[in-house]
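J.: Right, I'll just put the structure down here and ask away after.
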Amino acid sequence: MSHFHKILLFLGVIIISSVSAKAQTLTIDKANENYSENFDIPVNIDSISFNRFQIKLSTSDPSLIINQVILNKKFSKGTLQFTSNGPTYTIEYSSESSITISKKEKVFDLKMNTTNRFSDENLIVLNESNFYNQSNLLSVTEHVKPSSVNRFVLFKNDAIVFGLLMLALGFVFYTESKKEGFWSKFYKYVPGLLMCYMIPAIFNSLGLISADISQTYYIASRYLLPASLVLLTISIDLKAVFNLGWKALVMFFTGTIGIVIGGPIAILIISTFSPETVGGAGFDAVWRGLATLAGSWIGGGANQAAMLEIYGFNQELYGGMVLVDIVVANIWMAVLLLGIGKREKIDNWLKADNTAINALQEKVQSFSEKIIRVPTLTDLLMILTFAFVAVGIAHYGADVISTYLSNNFVAVSDPRSALSSFGSQFFWLISIATLIGILLSFTKAKNYEGAGASKVGSVFIYILVATIGMKMDLGKIFENPGLILIGLVWMAIHAGLLILIAKLIRAPYFFLAVGSQANVGGAASAPVVAAAFHPSLATVGALLAVFGYVVGTYGALLCAELMRIVSVG
């Protein structure tokens, strides 16, 4: 054998052994429960064939107790022994036949409890881990993920959480109604809608409530949001909506372009003074993670998931990108809400033409004044009937359509496809609810606007705003400053382009705010921002947000490829 072939063989052995060692990884995963004294920690392994193992481990703190080990049922033919000797725990398993695992799979759960609180810490210390295939000792890499457990949340009961959210809304509306004194001056500068958003955020940041364990946002977004869209659309004049003209679409696409070019420009700017922040190699490359932000900020959750699948960003680092998404998007929404209180000054600076918007508002207002009446119990029940029967139909239709499309079209079922948004139930839920509202506007049901249909819809919107607010933890703004800075620069480019185009075409602030939020916030928050201008405008936000789902993946793909180019370059 020549020296050349010997070198190739040697390199091949090294590569194969290194890949094998990397693949055979024993992982102590994150705890499954962040807010309880009792929790499980999964222990996983991947790409290995074994018939027995011995693992010795200990806890990082005396208050952490391992009570039990629950073996994966797949390995139930073997024998498991769990013993403890002071702070050290030994887990032994043996089976007569070998077990082959081709991908990451759970071996067992550690059932634990503690009286102390831990935040993003390693709870388990791996002292020794030996895996055998018959008599052969296998090389296994060890990895321990940090966990947060028994975190402080004062109120975990959703009835109490909802009561606090309603208290916040009641406080804001009561103080905003004051015509004299401190509160009248306060609300000249700070919009009431922003306070409905920020007070729950403060509750969450102080540990009084947590969106992580509360179902209030899910209920508000899946039930109250579609109900509000029906009630806010029930008296809409569709022709007047279309008369809003081309500026609405121009500002929406400007927002999309701002996200597409904002990502690569942000990478270039940050790389000039902090190249490590935008670095990374392979599947750890930061641009891959930022591609998921592009999916979220142009379309929504389905588009974000598509980007994660397409570019294969390291799942262990993905949490940092989710943090940037939440923090930056929520800060930007707060800025937009703050601007609503100053929209007249902004429109004057933009030299905006509000004729079409004012005509729509006046038309709805005039219609409401003609049919206004003191609502009876029957009126209120009929309003709720229209709203929640429509929600039921929308949920049924969303389930049927999304399931049918996912089962029959590969382009929809494949999370990497640009058409995967059409498999999202939320996409169809919002689309169908808006359509039902529009259809009702052509019937006598629109006369229930006189009994307060849009007011009931507005109540639902404000509850949704409060639940969105409680998702923001103000303390997390400083947890990952480098990535947060990228997100803020990115959003600043998006905002700058919107302001520039709005100034050039004299578009009202309404089009700027809703065009932006239809991209960044999606269907859950675009109608909120639109309704803050006037309840009759909520439909515009919903329609643009639905459109965002359609173009989201395509725009995000373009953004991701541009970020790849500037990162490699």
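Mapping to my numbering: the sequence shown position 488 is 1416, numbers consecutive.
Ideal Cβ positions, reconstructed from N, Cα and C, are used throughout, including at glycine.
This structure is a prediction, so every number in the text was calculated from the model and none was measured.
1) Rounded to whole angstroms, what is the Cα-Cα separation between S1063 and L954?
2) Tell me which residue opens and which closes the alpha helix (DSSP H) that E1272 is part of.
3) For N966, report the span of its beta strand (DSSP E) as first-last.
4) Three or more beta-carbon pairs under 8 Å between the region 1136–1147 and the region 1067–1087, yes or no?
5) Would you decide whether W1277 is buried or exposed? Buried here means 16 or more other CB atoms lie within 10 Å of its CB.
6) So P1128 packs on M1398, CB below 8 Å; how close in whole Å?
7) Report the residue from V1319, I973, Q1009, T1200 whose alpha carbon sits nearest the alpha carbon of F1388.
8) In angstroms with no decimal places, state the Cα-to-Cα distance between F1110 and K1116.
9) Looking at L1121: is its Cβ nearer than 7 Å to the Cβ of V1494?
10) Quick one: does the C-beta of F1354 sit closer than 6 Å to a heavy atom of the ligand FMN?
11) State whether the region 1180–1196 contacts the region 1375–1393, with contact taken as three or more CB pairs (one from each stretch) at a distance under 8 Å.
12) Cutting at 8 Å between CB atoms, please list the residues of its own chain near S1474, excluding the five before and the five after it.
13) Using 10 angstroms around the beta-carbon of P1015, count the other beta-carbons present and answer buried if the total reaches 16, otherwise exposed.
14) Nearest CA to the CA of V1072: which residue from I1189, G1240, L1051, I1198?
15) Where does A1137 sit, in a helix, a strand or coil, going by DSSP?
16) Sorted by chain position, which residues of the same chain lie with C-beta nearer than 8 Å to K1298's C-beta, five sequence neighbours on each side aside?
17) Cα separation between G1006 and S1023?
18) What number of angstroms, rounded off, separates the C-alpha of S977 from the C-alpha of V997?
19) Assign Y1151 to buried or exposed, taking buried as 16 or more other Cβ atoms, counted over all protein chains shown, within 10 Å of its Cβ.
20) What's the gap between the Cα of D1165 and the Cα of L1288?
21) DSSP has F1059 in a bridge; who is on the other side?
22) Could you please give the first and the last residue of the uninterrupted alpha helix (DSSP H) stretch that includes Y1102?
23) If the criterion is Cβ atoms closer than 7 Å, does the pair V1053 and Q952 meet it?
24) Which residues does DSSP pair with Y1021 in a beta bridge?
25) In the DSSP assignment, the beta strand (DSSP E) including N1050 goes from what residue to what residue?
26) What does a CB cutoff of less than 6 Å around G1269 pick up in its chain, not counting 5 residues either side in sequence?
27) Within the same chain, show all residues whose beta-carbon is closer than 6 Å to that of D1212, passing over the 5 residues directly before and after it, in chain order.
28) What are the boundary residues of the beta strand (DSSP E) that E1033 is part of?
29) Which same chain residues end up closer than 7 Å to S1453 when comparing Cβ atoms and leaving out the 5 residues on each side of it in sequence?
30) Using a Cβ cut-off of 7 Å (strictly closer), state whether K1116 contacts chain D.
31) What is the residue span of the beta strand (DSSP E) that N995 lies within?
32) Looking only at its own chain, which residues have a Cβ that is under 7 Å from the Cβ of R1434, when we skip the five neighbours before and after it?
33) So what's I1427 in DSSP terms, helix, strand or just coil?
34) Report yes if the CB atom of N972 is closer than 7 Å to the CB atom of S1076, and no otherwise.
35) Going by DSSP, name the residue or residues bridged to L1333.
36) Mark M1491 as exposed unless 16 or more other C-beta atoms lie within 10 angstroms of its C-beta, in which case mark it buried.
T.: Quick look at the numbers:
1) By one-based count along the sequence shown, residue 1063 stands at place 135. By one-based count along the sequence shown, residue 954 stands at place 26. Cα to Cα, the separation comes out at about 19 Å.
2) One-based indexing of the sequence shown puts residue 1272 at position 344. 1271–1278 is the span of the alpha helix (DSSP H), which, as asked, contains E1272.
3) Along the sequence shown, one-based indexing puts residue 966 at 38. 966–974 is the extent of the beta strand (DSSP E) around N966.
4) yes
5) By one-based count along the sequence shown, residue 1277 stands at place 349. By the neighbour-count rule (16 or more Cβ atoms within 10 Å), W1277 is not buried but exposed.
6) Start at 1 with the first residue of the sequence shown, and residue 1128 comes out as number 200. Start at 1 with the first residue of the sequence shown, and residue 1398 comes out as number 470. Yes, they are in contact, since the Cβ atoms of P1128 and M1398 sit about 4 Å apart, within 8 Å.
7) By 1-based counting over the sequence shown, the position of residue 1388 is 460. The candidate whose alpha carbon is nearest that of F1388 is V1319.
8) In the sequence shown, residue 1110 corresponds to position 182, counting from 1. In the sequence shown, residue 1116 corresponds to position 188, counting from 1. So the two alpha carbons sit approximately 10 Å from each other.
9) Here residue 1121 refers to the residue found at position 193 when the sequence shown is read from its first residue. Here residue 1494 refers to the residue found at position 566 when the sequence shown is read from its first residue. Not in contact: L1121 and V1494 (Cβ atoms no closer than 7 Å).
10) Of the ligands one can find in the structure shown there are none, so the ligand FMN has no counterpart to examine.
11) no
12) The count along the sequence shown starts at 1 and reaches residue 1474 at position 546. Checking the sequence, you will find Val at residue 1474 rather than Ser. For V1474, where only same-chain residues beyond five positions count, the Cβ hits under 8 Å are F1355, I1358, S1359, T1362, A1451.
13) For the purposes of this step, residue 1015 is taken as residue 87 along the sequence shown, with counting starting at 1. Exposed: under 16 other Cβ atoms inside 10 Å.
14) Looking up residue 1072 in the sequence shown gives position 144. The residue with the shortest Cα to Cα distance from V1072 is L1051.
15) Here residue 1137 refers to the residue found at position 209 when the sequence shown is read from its first residue. Contrary to the premise, residue 1137 reads as Ile rather than Ala in this sequence. Coil.
16) Locating residue 1298 in the sequence shown gives position 370, counting from the first residue. Around K1298: G1378.
17) Looking up residue 1006 in the sequence shown gives position 78. Looking up residue 1023 in the sequence shown gives position 95. Their Cα atoms are separated by approximately 4 Å.
18) Indexing the sequence shown from 1 puts residue 977 at position 49. Indexing the sequence shown from 1 puts residue 997 at position 69. Roughly 21 Å between the two C-alpha positions.
19) What you label residue 1151 is simply residue 223 of the sequence shown in a count that begins at 1. By the 10 Å Cβ count, Y1151 comes out buried.
20) Along the sequence shown, read from residue 1 onward, the residue named residue 1165 stands at position 237. Along the sequence shown, read from residue 1 onward, the residue named residue 1288 stands at position 360. For D1165 and L1288, the distance between alpha carbons rounds to 8 Å.
21) Stepping through the sequence shown from its first residue, residue 1059 is reached at position 131. Paired residue(s): F981, L1066.
22) Residue 1102 sits at position 174 when you count from the first residue of the sequence shown. Its alpha helix (DSSP H) spans residues 1086–1104.
23) Within the sequence shown, residue 1053 is the residue found at index 125, counting from 1. Within the sequence shown, residue 952 is the residue found at index 24, counting from 1. Not a contact, by the Cβ cut-off of 7 Å.
24) On the sequence shown, residue 1021 is found 93 positions in, with the first residue counted as 1. The partner list for Y1021 (beta bridge, DSSP) reads F981, L1008.
25) Walking along the sequence shown from the start, residue 1050 turns up at place 122. Here N1050 belongs to no beta strand (DSSP E), and DSSP marks it neither H nor E.
26) Locating residue 1269 in the sequence shown gives position 341, where the first residue counts as 1. Taken in chain order, the residues that qualify are P1119.
27) In the sequence shown, counting from the first residue as 1, residue 1212 sits at position 284. Once the five neighbours on either side are set aside, the close Cβ partners of D1212 are N1242.
28) Counted from its first residue, the sequence shown places residue 1033 at position 105. Looking at the DSSP string, the run of the beta strand (DSSP E) that includes E1033 is 1033–1041.
29) By one-based count along the sequence shown, residue 1453 stands at place 525. Only M1261, I1396, Q1445 meet the Cβ criterion.
30) In the displayed structure, chain D is absent; only one protein chain is listed.
31) The count along the sequence shown starts at 1 and reaches residue 995 at position 67. Start and end: 993–999.
32) Translated into the one-based positions of the sequence shown, residue 1434 becomes position 506. Same-chain partners within the cutoff: L1278, K1279, A1280, D1281.
33) Against the sequence shown, residue 1427 aligns to sequence position 499. In the structure shown, I1427 sits in a helix (DSSP, three-state: H, G or I).
34) In the sequence shown, the residue the question calls residue 972 occupies position 44. In the sequence shown, the residue the question calls residue 1076 occupies position 148. In this structure, S1076 does not lie closer than 7 Å to N972 by Cβ.
35) Reading the sequence shown from its first residue, position 405 is the one you call residue 1333. Partner(s): none; L1333 has no beta bridge.
36) Taking the sequence shown and counting its residues from 1, the one referred to as residue 1491 is at position 563. Looking at its Cβ environment, which holds 16 or more other Cβ atoms inside 10 Å, M1491 is buried.
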